[in-house]
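Using the working numbering, read the sequence shown as starting at 1 and increasing by one per residue. Don't be surprised by glycine CBs; every beta carbon is placed ideally from N, CA and C.
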Amino acid sequence: PDPKWGERPLALVVPKPDRAGQVDEATIRDWLRDFADKGIISKWGIPDRVLLVDSIPKTSVGKLDKKEMRQQYAQAIQGG
Numbered sequence: 001p002d003p004k005w006g007e008r009p010l011a012l013v014v015p016k017p018d019r020a021g022q023v024d025e026a027t028i029r030d031w032l033r034d035f036a037d038k039g040i041i042s043k044w045g046i047p048d049r050v051l052l053v054d055s056i057p058k059t060s061v062g063k064l065d066k067k068e069m070r071q072q073y074a075q076a077i078q079g080g
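In structure tokens form, the structure reads like this:
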């Protein structure tokens, strides 16, 4: 977590199969920075970390499983 603001965004990105190997953390952050420069998103909203994953955990009803994500990605959330 950010020492001043608390939580910071962590992006979990599931690349489309035809984009595997073409996308990396720097590319995604640059893409988001372009949106921030245009005022579409806030600069604060650009995640400190971008993780490329195979899937995002979901609950039995199909919602994002935030509890599981926090457990699964605890090291990345802590800045590791």
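Contact under 8 Å by Cβ, V50 with A20: Counting from one through the sequence shown, the residue named residue 50 turns up at place 50. Counting from one through the sequence shown, the residue named residue 20 turns up at place 20. The answer is no: Cβ separation not under 8 Å.
Element boundaries [beta strand (DSSP E), containing A11]: Your numbering for residue 11 matches position 11 in the sequence shown. Run containing A11: 10–13, per the beta strand (DSSP E) assignment.
Any alpha helix (DSSP H) of 4 or more consecutive residues that is wholly inside the segment 17–76: Listed in chain order, they are 25–37, 66–72.
Residues near R33 in its chain [Cβ-Cβ closer than 7 Å; skip 5 each side]: Locating residue 33 in the sequence shown gives position 33, where the first residue counts as 1. I46, listed in sequence order.
Contact check, V13 vs I28, beta carbons under 8 Å: One-based indexing of the sequence shown puts residue 13 at position 13. One-based indexing of the sequence shown puts residue 28 at position 28. For V13 and I28, yes; Cβs fall inside 8 Å.
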